[in-house]
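Asks: Going by the working numbering, the first residue of the sequence shown is number 464, and it counts up by one from there. The beta-carbon is built from N, C-alpha and C at its ideal position, and this holds for glycine as well. None of the values given here were measured: they were computed from a predicted structure.
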Amino acid sequence: MAVTTMTDDVAVRDVGSSPWRRLLRVHEFGVLVATAVIFLYCALFVNHFLTSENLLSVAQQIAFIGIIGTGMTLLIVAGEIDLSVGSQYGFLSVVMAYTLTEWHLPILVASGLVLVLGALIGLVFGVVTTFFKVPSFVVTLAGLGILRGFALLVTGGVPMQGSTSLRYHSITGGNAIGSLAAQTVWMAVVMLAFGWILSRTKFGFDIYATGGNMKAALNAGIRAVRVKIICFCITGALCGLAGILLVGWLGSANPLTGNGFELSVIAAVVVGGASLAGGVGSITGTLCGALVAGLIANALVLLGVDGNWQQVATGALILAAVLINRFIATRQPSMR
């Protein structure tokens with residue numbers, strides 16, 4: 464008799480089935496293969512791709528997608544979505560710069576304020592979504608416009624100077640280990656921490672259960688509403704962290720930062736195997752999804768392709784990932 468258990472990232476495993484069939488049922492399998500194929504293609508056919516400078520640049524480019532994508536992964540697995548993450552990222556970076564230059568707050572105090580504000584924004588979205596039964600895509604779509612408007616109002620539509628502290632820059636935007644950018648290290652820390660939480664803790668199990676079947680989760684005693692609100696808060700706080708890192712790296716904040724960024728984040732999460740229906744996804748998959756998007760964008764630049772094609776490629780990736788996930792979902796019952 465086949466025994467069914469849950470793996471660390473919600474892949475279903477049947478002891479009685481073949482190893483190949485079990486492998487195919489791992490949601491990250493497809494994106495891992497895609498990442499390897501794209502990397503191999505770039506290594507063979509794209510000049511200057513395999514240089515250490517370029518590979519480190521790719522890692523730095525995907526850092527902000529990885530950090531915010533971690534929060535988005537929790538939300539999507541829980542059955543919700545946040546379309547405002549790009550605007551949150553831009554607004555909170557403006558708040559960080561404003562508190563440093565206008566209020567002259569110490570960097571640690573300003574950083575704490577931005578993290579708390581990000582969590583509070585998530586709290587508002589979570590409460591409106593869960594208690595007032597408004598779909599999260601509607602709530603956060605409204606938030607997208609509101610937060611972008613606030614960022615423009617605070618700055619007057621022009622970039623704002625941040626801090627000139629060399630220590631702040633070294634921690635957030637300098638080289639942390641050798642030539643490895645600090646943002647990449649921050650991404651690794653965030654993704655490792657929440658990867659462990661999602662796959663190894665009761666809270667992580669509650670997230671999967673809530674997104675998989677909220678009614679069943681409630682019947683099992685899981686506080687599903689609280690789970691969703693916490694996921695919104697985490698996502699907001701991680702947008703704040705990204706804003707803090709950006710201001711430390713560039714020394715300024717632009718009110719247009721993050722415009723359209725939500726598309727890249729959602730692409731990374733969905734390409735990484737998460738289901739927009741909830742209950743499926745992993746931090747590992749999101750990292751691979753971010754790598755796929757980053758590798759494609761980098762290859763387009765090195766090949767001299769018009770940068771506007773990057774958005775076309777991102778949209779196509781989301782559509783392809785959704786179709787593939789739907790195909791896998793319909794095929795899984797027959798593969799057991």
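Among Phe508, Ala672, Cys751 and Gly723, whose alpha-carbon lies nearest the alpha-carbon of Ala784?
Replies: For this step, residue 784 is matched to residue 321 along the sequence shown. Nearest C-alpha to Ala784: Cys751.
Asks: If we call anything under 8 Å between Cβ atoms a contact, is His511 one with Leu713?
Replies: On the sequence shown, position 48 is the one that residue 511 refers to. On the sequence shown, position 250 is the one that residue 713 refers to. No, they are not a contact pair.
Asks: Identify the residues that DSSP records as bridge partners of Leu643: which are they?
Replies: Reading the sequence shown from its first residue, position 180 is the one you call residue 643. Answer by DSSP bridge pairing, in chain order: Ile640.
Asks: Taking a contact to mean a Cβ-Cβ separation below 8 Å, would you say Ile570 touches Leu701 in this structure?
Replies: Locating residue 570 in the sequence shown gives position 107, where the first residue counts as 1. Locating residue 701 in the sequence shown gives position 238, where the first residue counts as 1. No. Outside cutoff.
Asks: Classify Ser408 as helix, strand or coil using the three-state DSSP reduction.
Replies: Since the first residue of the chain shown is 464 and the last is 799, residue 408 is not available in this structure.
Asks: On the DSSP bridge list, what partners appear for Ala779?
Replies: Numbered from 1 along the sequence shown, position 316 holds the residue referred to as residue 779. Note: Ala779 sits in no beta bridge, so no partner.
Asks: Report the CB separation of Val540 from Ala687 in whole angstroms; it is logged as a contact under 8 Å.
Replies: Mapped onto the sequence shown, residue 540 falls at position 77. Mapped onto the sequence shown, residue 687 falls at position 224. Not a contact, Cβ separation roughly 12 Å.
Asks: Return helix, strand or coil for Ala541, following the three-state DSSP convention.
Replies: Translated into the one-based positions of the sequence shown, residue 541 becomes position 78. In this structure, Ala541 counts as coil in the three-state DSSP scheme.
Asks: Short of 7 Å in beta carbon distance, which residues of its chain neighbour Leu580, apart from the five on each side in sequence? Order them along the chain.
Replies: As a position in the sequence shown, residue 580 is number 117, starting the count at 1. The answer, listed in chain order, is Leu555, Val558 and Gly703.
Asks: According to DSSP, simplified to helix, strand and coil, what is Ser574?
Replies: In the sequence shown, counting from the first residue as 1, residue 574 sits at position 111. If DSSP states are grouped into helix, strand and coil, Ser574 belongs with the helices.
Asks: Have a look at the DSSP bridge pairing and note the partners of Ala687.
Replies: Taking the sequence shown and counting its residues from 1, the one referred to as residue 687 is at position 224. Paired residues: none, contrary to the question.
Asks: Check for me: the alpha helix (DSSP H) holding Lys665 runs from which residue to which?
Replies: The count along the sequence shown starts at 1 and reaches residue 665 at position 202. Where Lys665 is concerned, the enclosing alpha helix (DSSP H) stretches over Lys665 to Gly675.
Asks: Examine the ligand NAD and report whether any of its heavy atoms sits within less than 7 Å of the Cβ of Ile697.
Replies: The ligand NAD is not among the ligands present in this structure, which contains no ligands whatsoever.
Asks: Take the Cβ of Trp649 as the centre, count every other Cβ of all protein chains shown within 10 Å, and call the residue buried at 16 or more, exposed below.
Replies: Along the sequence shown, read from residue 1 onward, the residue named residue 649 stands at position 186. Under this definition Trp649 is a buried residue.
Asks: So for Ala756, helix, strand or coil by DSSP?
Replies: Taking the sequence shown and counting its residues from 1, the one referred to as residue 756 is at position 293. If DSSP states are grouped into helix, strand and coil, Ala756 belongs with the helices.
Asks: Cβ of Thr720 within 8 Å of Cβ of Gln523?
Replies: Position 257 of the sequence shown, counted from the start, is the residue given in the question as residue 720. Position 60 of the sequence shown, counted from the start, is the residue given in the question as residue 523. Going by C-beta atoms, Thr720 is not nearer than 8 Å to Gln523.
Asks: Decide if Glu516 is buried, meaning its Cβ has at least 16 other Cβ atoms within 10 Å, or exposed.
Replies: As a working note, residue 516 is residue 53 in the sequence shown. That one is exposed.
Asks: Got a sec, what are the start and stop residues for the alpha helix (DSSP H) Ala522 sits in?
Replies: As a position in the sequence shown, residue 522 is number 59, starting the count at 1. Counting along the chain, the alpha helix (DSSP H) containing Ala522 begins and ends at Ser515 to Gln524.
Asks: When burial is assigned at 16 or more other CB atoms within 10 Å of the CB, is Pro598 buried or exposed?
Replies: Mapped onto the sequence shown, residue 598 falls at position 135. Counting Cβ neighbours within 10 Å, Pro598 comes out exposed, since fewer than 16 surround it.
Asks: Taking Gly493 and Ile787 to be in contact with their CB atoms under 8 Å, please state how far apart those CB atoms are, rounded to whole angstroms.
Replies: Position 30 of the sequence shown, counted from the start, is the residue given in the question as residue 493. Position 324 of the sequence shown, counted from the start, is the residue given in the question as residue 787. Confirmed, about 6 Å.
Asks: Applying the 10 Å Cβ sphere with the 16-neighbour rule, what's the burial state of Arg611?
Replies: Along the sequence shown, one-based indexing puts residue 611 at 148. Its Cβ being crowded by 16 or more others within 10 Å, Arg611 is buried.
Asks: Output the distance between the C-alpha atoms of Val732 and Ala614, rounded to the nearest integer angstrom.
Replies: Taking the first residue of the sequence shown as 1, we reach residue 732 at position 269. Taking the first residue of the sequence shown as 1, we reach residue 614 at position 151. Answer to the nearest angstrom: the Cα atoms are 26 Å apart.
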